[in-house]
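Everything below concerns the one structure shown next.
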Amino acid sequence: MERSKELKILLWMVALFAAAFFLPPGSERFMTAIAASLDLVRWYAREHVVMCLLPAFFIAGAIAVFVSQGAVLKYFGANAPKWLSYSVAAVSGGILAVCSCTILPLFTSIYKRGAGLGPAIAFLYSGPAISILSIILTARILGPGMGLARVVGAVLFAVVIGLAMSFVFRREEQARKEERMNIAPPPEKRPLWQTSLHFFTLVLMLVFANWGAPAAADNGLWSGIFACKWYIVGALSLLLCGALVGILKLHPARVALGAAATAGAALLAHLRIDDAALAPLVPTIVAVAALSHALLRDERSEENREWALASWGFAKQILPLLAIGVATAGFLLGSTHDGTSVAGIVPDAWVAWAVGSDSLRSNFFASFTGAFMYFATLTEVPIIQGLMASGMGKGPALALLLAGPSLSLPNMLVIRGVLGTKKTAVYVTLVVAMATLAGYVYGNLL
Numbered sequence: 346m347e348r349s350k351e352l353k354i355l356l357w358m359v360a361l362f363a364a365a366f367f368l369p370p371g372s373e374r375f376m377t378a379i380a381a382s383l384d385l386v387r388w389y390a391r392e393h394v395v396m397c398l399l400p401a402f403f404i405a406g407a408i409a410v411f412v413s414q415g416a417v418l419k420y421f422g423a424n425a426p427k428w429l430s431y432s433v434a435a436v437s438g439g440i441l442a443v444c445s446c447t448i449l450p451l452f453t454s455i456y457k458r459g460a461g462l463g464p465a466i467a468f469l470y471s472g473p474a475i476s477i478l479s480i481i482l483t484a485r486i487l488g489p490g491m492g493l494a495r496v497v498g499a500v501l502f503a504v505v506i507g508l509a510m511s512f513v514f515r516r517e518e519q520a521r522k523e524e525r526m527n528i529a530p531p532p533e534k535r536p537l538w539q540t541s542l543h544f545f546t547l548v549l550m551l552v553f554a555n556w557g558a559p560a561a562a563d564n565g566l567w568s569g570i571f572a573c574k575w576y577i578v579g580a581l582s583l584l585l586c587g588a589l590v591g592i593l594k595l596h597p598a599r600v601a602l603g604a605a606a607t608a609g610a611a612l613l614a615h616l617r618i619d620d621a622a623l624a625p626l627v628p629t630i631v632a633v634a635a636l637s638h639a640l641l642r643d644e645r646s647e648e649n650r651e652w653a654l655a656s657w658g659f660a661k662q663i664l665p666l667l668a669i670g671v672a673t674a675g676f677l678l679g680s681t682h683d684g685t686s687v688a689g690i691v692p693d694a695w696v697a698w699a700v701g702s703d704s705l706r707s708n709f710f711a712s713f714t715g716a717f718m719y720f721a722t723l724t725e726v727p728i729i730q731g732l733m734a735s736g737m738g739k740g741p742a743l744a745l746l747l748a749g750p751s752l753s754l755p756n757m758l759v760i761r762g763v764l765g766t767k768k769t770a771v772y773v774t775l776v777v778a779m780a781t782l783a784g785y786v787y788g789n790l791l
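When we follow our numbering, the leftmost residue of the sequence shown carries the number 346, and every step to the right adds one.
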């Protein structure tokens, strides 16, 4: 045992030395890939962590603390009717506007609360794949046919992949089911409508705070919501303050002080920060800090402290893996966002050459590559629009839409930490295989 441990240390030292020895700092592509990695990490930190992940952590913490285990078992548990659990899981992503990384704390929370592997996986896939915003944007930019194919494929994939995972690991699931049968869920601490109000207020704040900019020629509902989205978020914030006081019984003075600090930070950021993308970060950080302080200092309810601690637990588990994954994805595949593109170590010409037809190989390459790429919420549509303009086939485009948003290298690292290597490998294989088949059928038959 000791010899094996020492051998592992030696191999790691040799590998690190070889990597340092053969570093090609004179290579323009290598240095560009380093720049792409840093650019993607910087953009991710600015655009995604504060506005998406921090609220998602609090939503996951709310699920872990306030959503009773009985409710999770009722809709997602091993004893729940399959038609109910898979239906709820497959379409629940429709209310969310999340990416493959933001869904992770929510998935982790319901899985650890007792959800069956199949329904939990269906929820994990459907969350980023079938959001209402992404389907509308796909249909508007890539055409109604692509939008319809995406929504049908995403719902079907969520159910089939969930059922397949449940079948492959049925022995382990049976053991979990027997364990859950011996657990008597504690009684509900509050009416379901109060928990639902609190939860959906947090979800709607996440959705509207990240409502994407409309197309230049769009003067419809999407544009109208975008123009007043911060007013909507403000109204939801007041509703959340009411829930904190009325439902969670937080001290009114602390809630009022946090709300005032957040409003002051929003006004100051609006006056002093010219970058419209960075200005919302300031009040969001202040609001997160104020909420965390109010929850941790609450001495009347241990449940409120648990909410803050559970949210911190998800952040501590997920953020380091995401940082590693985002940096690696940027180095390998480059950084594409906001109209800018920095090439990774893998040449863009290889990607264009590989997905220019509707062959089985092109569809597999699109789904496989998309599985490792990171797409922020809704960014997959303009990226695929650009690829299609450069000659990408419709089949590979659909394959990328079905595999890319629900998977990414950072996403896989976190899923592995929750489910283990074997389950993660099977899940990724199923997504890539089904996306490849769907893209091939769509490109050649339709």
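We treat Cβ as the ideally placed atom computed from N, Cα and C, and that holds for glycine.
Since we're looking at a predicted model, the values are computed, not measured.
DSSP three-state assignment for residue i, whether helix, strand or coil
i    : result
S686 : strand
S680 : strand
H615 : helix
C573 : coil
I475 : coil
S646 : coil
G670 : helix
V700 : coil
C586 : helix
K594 : coil
P628 : helix
V691 : coil
S454 : helix
Y787 : helix
N708 : helix
L640 : helix
R535 : coil
W652 : helix
F807 : The requested residue 807 is not part of the displayed model; the chain covers only 346 to 791.
S541 : helix
Y772 : helix
S753 : coil
F720 : coil
Per DSSP, the bridge partner or partners of residue i
i    : result
T766 : Beta-bridge pairing links T766 to no other residue.
Of the listed residues the options, nearest to residue i (C-alpha basis)
i    : options                   : result
A635 : T607, S702, A672 and R645 : T607
L451 : G788, N756 and A783       : N756
N649 : L589, A674 and G762       : L589
A465 : H615, F713, V436 and L549 : V436
E651 : P370, L593 and L542       : L593
R516 : M718, P489, R458 and L462 : L462
S541 : A407, A378 and W357       : A407
A469 : L790, A748 and Y787       : The amino acid at residue 469 is misidentified as Ala; the sequence shows Leu. Residue A748 is the option with its Cα nearest to L469.
L584 : L626, K661, Q539 and M733 : Q539
V600 : A610, L612 and G587       : G587
S382 : V726, M779 and T673       : T673
A499 : V771, L746 and S753       : L746
L667 : P536, A605 and Y389       : Y389
E647 : P370, L705 and F411       : F411
L743 : F375, L398 and A716       : A716
S582 : G603, A711 and F713       : G603
P750 : P489, V386 and V496       : V496
L705 : G784, A688, V691 and V771 : G784
A425 : C446, A460 and A405       : A460
G788 : H615, M733 and A611       : M733
T483 : P369, G557, H543 and A614 : G557
Rounded C-alpha distance that separates residue i from residue j
i    : j    : result
P559 : F571 : 7 angstroms
K427 : F367 : 54 angstroms
H638 : F676 : 37 angstroms
S349 : L355 : 10 angstroms
A365 : M491 : 46 angstroms
L508 : L782 : 18 angstroms
K739 : I630 : 41 angstroms
A520 : G765 : 16 angstroms
L640 : S656 : 11 angstroms
V433 : I729 : 29 angstroms
D619 : C573 : 18 angstroms
L754 : R535 : 39 angstroms
G579 : G591 : 18 angstroms
L775 : I506 : 7 angstroms
S702 : P741 : 8 angstroms
A409 : F362 : 43 angstroms
S471 : V777 : 15 angstroms
E518 : A467 : 15 angstroms
S686 : I475 : 26 angstroms
K661 : C446 : 14 angstroms
Residue-chain proximity (residue i, chain D), Cβ-Cβ < 9 angstroms
i    : result
G507 : In the structure shown, chain D cannot be found, because there is only a single protein chain.
Residue i CB to nearest heavy atom of the ligand MN below 8 angstroms
i    : result
V777 : Among the components modelled here there is no ligand, and therefore nothing to report on the ligand MN.
### Task
Kindly provide the ranges of any alpha helix (DSSP H) runs that are 4 or more residues long and lie completely inside the segment 356-398, ordered along the chain.
373-389
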